[in-house]
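Residue numbers (my numbering): 1406 to 1737.
Everything below concerns the one structure shown next.
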Ligand code: AHM
Ligand code: MG
């Protein structure tokens, strides 16, 4: 018999530590895992299915959607709407909350997701992923927009699935962070990375340098000092990485430390940052903090932001604690 712990076994064992648990949450996570396996399969087939490229539509944020943005969103919705565990869903790709169809029972949880993060990378065959966050709603009622506007600290679970050289799920339910690798032969996620921890210090930063002229001075100063390396005030050389897939960036930071920034930028006053609070910043912030890292806008802890819209954007600075604290201190 295999000694490997599967995702299902792992969640059931965690559930046993929560006496009031009904098993609903375990089933919901299984449904999310099943949807992500379908997405992995779809993404993996690439051009064979003719599904790469633009869809010639825009999402609510005015970004051109890829065909796979829409297809992966449909996979998530179809996999989750009928199960009876959810009171509603919101997606980065859909303007308004997605209701549970009349014919299905409604549960108490709310699902929030970015079905295909990093989708600009899909046509060049680089790592993309699905990010999800679970909140509690009101059992049996149709979730309204306001129900989703909860602070990140209220998340009961957050995770992401990486579609890279291997397919991996990274998950937290507030008891640390664990990584599972999809065993393609048996179709199961198995526990491969237990209790992931981010080193507090790092010599690696991640930022899109082409936006440098739009940043505020604290971020300018931090990056300038990193670039000076051994000759500057940091007295050490830094390395830089930018995949342009937050999922890949966060996974790298979970594995070997680092700092990731999509900071406030002055290009458009209506977009104080590029990344979305509900679908990217909050779930990643929860995971990063559970692994011992930090996550801030530069001015406040991401998980304490009181959301005003489901598609709100925020500046994001996350990763190794001492480096994030330093950038935050430059903002003060
Ligand atoms: P997406 O959800 O539309 O894919 O956008 C989010 C992505 C992040 O994964 C990544 O960190 C960032 O956008 C990259 O942005 P840029 O192309 O400006 O470097
Ligand atoms: Mg995204």
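The beta-carbon is built from N, C-alpha and C at its ideal position, and this holds for glycine as well.
Query raised in the report: Measuring from the CB of residue 1519, is there a heavy atom of the ligand AHM at a distance below 6 Å?
Result: As a first step, residue 1519 is located in the chain shown; it is residue number 114 there, counting from the start. Because some heavy atom of the ligand AHM lies under 6 Å away, the Cβ of residue 1519 counts as near it: yes.
Requested in this report: Report yes if the CB atom of residue 1669 is closer than 7 Å to the CB atom of residue 1705, and no otherwise.
Outcome: Sequence index remark: in the chain shown, residue 1669 carries index 264 (1-based). Sequence index remark: in the chain shown, residue 1705 carries index 300 (1-based). Contact: no.
Query raised in the report: Between residue 1441 and residue 1450, what straight-line distance do the alpha-carbon atoms span, to the nearest angstrom?
Result: The count along the chain shown starts at 1 and reaches residue 1441 at position 36. The count along the chain shown starts at 1 and reaches residue 1450 at position 45. Cα-Cα distance, rounded: 14 Å.
Requested in this report: Report, in whole angstroms, the separation of the C-beta atoms of residue 1485 and residue 1534, which I expect to be a contact under 8 Å.
Outcome: Along the chain shown, one-based indexing puts residue 1485 at 80. Along the chain shown, one-based indexing puts residue 1534 at 129. About 17 Å; that fails the 8 Å criterion.
Query raised in the report: To the nearest whole angstrom, what separates the beta carbons of residue 1702 and residue 1715, a pair I think is in contact under 8 Å?
Result: Here residue 1702 is taken as the residue at index 297 of the chain shown, counted from 1. Here residue 1715 is taken as the residue at index 310 of the chain shown, counted from 1. Contact flag wrong, Cβ pair sits at about 18 Å.
Requested in this report: From the DSSP output, in three-state form, read off residue 1688 for me.
Outcome: Position 283 of the chain shown, counting from 1, holds the residue named residue 1688. Three-state DSSP puts residue 1688 in a helix.
Report task. Tell me, please, whether the segment 1601 to 1612 touches the segment 1459 to 1476 by the rule of three or more beta-carbon pairs shorter than 8 Å. Result -> no
Query raised in the report: Looking only at its own chain, which residues have a Cβ that is under 7 Å from the Cβ of residue 1428, when we skip the five neighbours before and after it?
Result: Taking the chain shown and counting its residues from 1, the one referred to as residue 1428 is at position 23. Taken in chain order, the residues that qualify are 1420.
Report task. Measure the C-alpha to C-alpha separation of residue 1734 and residue 1617 and round it to an integer number of angstroms. Result -> By 1-based counting over the chain shown, the position of residue 1734 is 329. By 1-based counting over the chain shown, the position of residue 1617 is 212. Rounded to the nearest angstrom, the two C-alpha atoms are 19 Å apart.
Report task. May I have a chain-ordered list of the beta strand (DSSP E) segments no shorter than 3 residues that lie completely inside the segment 1470 to 1497? Result -> 1491 to 1496
**Report entry** Residue range of the unbroken beta strand (DSSP E) whose run includes residue 1653
**Finding:** By one-based count along the chain shown, residue 1653 stands at place 248. From DSSP, residue 1653 is part of no beta strand (DSSP E) but of the alpha helix (DSSP H) over 1651 to 1661.
Query raised in the report: By Cβ distance below 8 Å, which residues in the same chain neighbour residue 1515 in space, the five residues on each side in sequence not counted?
Result: Taking the chain shown and counting its residues from 1, the one referred to as residue 1515 is at position 110. The residues are 1491, 1492, 1493, 1494, 1495, 1539, 1540, 1541, 1542, 1548, 1552, 1553.
Requested in this report: Reducing DSSP to helix, strand and coil, say where residue 1696 ends up.
Outcome: Within the chain shown, the letter at position 291 stands for residue 1696. In the structure shown, residue 1696 adopts coil according to DSSP, grouped into three states.
Query raised in the report: Relative to the C-alpha of residue 1595, which residue among 1604, 1686, 1584, 1605 is closest?
Result: As a first step, residue 1595 must be located in the chain shown, where it is residue number 190. Out of 1604, 1686, 1584, 1605, 1584 has the C-alpha closest to the C-alpha of residue 1595.
Requested in this report: Please decide whether residue 1431 counts as near chain C, where near means a Cβ-Cβ distance under 7 Å.
Outcome: Protein chain content of the structure displayed is limited to a single chain, and chain C is not contained in it.
Report task. Report the option in 1698, 1478, 1457, 1634 whose CA atom is closest to the CA atom of residue 1684. Result -> The residue you call residue 1684 lines up with position 279 of the chain shown. With distances taken between Cα atoms, residue 1684 lies closest to 1478.
Query raised in the report: Which residues in the same chain have their Cβ closer than 6 Å to the Cβ of residue 1565, if we skip the five residues on either side of it in sequence?
Result: Along the chain shown, read from residue 1 onward, the residue named residue 1565 stands at position 160. For residue 1565, where only same-chain residues beyond five positions count, the Cβ hits under 6 Å are 1534, 1536, 1575, 1652.
Query - Proximity to residue 1517 [Cα-Cα], best of 1489, 1550, 1525 - result: Start at 1 with the first residue of the chain shown, and residue 1517 comes out as number 112. Looking at the Cα atoms, 1550 is the closest of the given residues.
Requested in this report: With DSSP as the reference, please indicate the residues paired to residue 1564 in a beta bridge.
Outcome: Looking up residue 1564 in the chain shown gives position 159. According to DSSP, which records beta bridges pairwise, residue 1564 is partnered with 1537, 1576.
Query raised in the report: Do residue 1681 and residue 1619 have their CB atoms nearer than 7 Å?
Result: Translated into the one-based positions of the chain shown, residue 1681 becomes position 276. Translated into the one-based positions of the chain shown, residue 1619 becomes position 214. The criterion of a C-beta distance shorter than 7 Å is not satisfied by residue 1681 and residue 1619.
**Report entry** Supposed close pair residue 1646, residue 1657 - CB separation, criterion 8 Å
**Finding:** Against the chain shown, residue 1646 aligns to sequence position 241. Against the chain shown, residue 1657 aligns to sequence position 252. Right, the Cβ-Cβ distance comes to about 7 Å (below 8 Å), so this counts as a contact.
Query raised in the report: What do you reckon, is the C-beta of residue 1523 under 6 Å from a heavy atom of the ligand AHM?
Result: For the purposes of this step, residue 1523 is identified with residue 118 of the chain shown, where counting begins at 1. Yes, Cβ of residue 1523 sits closer than 6 Å to a heavy atom of the ligand AHM.
Query - Assigned secondary structure, residue 1429 (DSSP; H/G/I helix, E/B strand, else coil) - result: Mapped onto the chain shown, residue 1429 falls at position 24. Helix at residue 1429.
Query - Ordered list of beta strand (DSSP E) runs contained in the segment 1506 to 1537, each at least 3 residues - result: 1514 to 1522
Report task. Please state whether DSSP places residue 1452 in a helix, a strand or coil. Result -> Residue 1452 sits at position 47 when you count from the first residue of the chain shown. Correct three-state label for residue 1452: helix.
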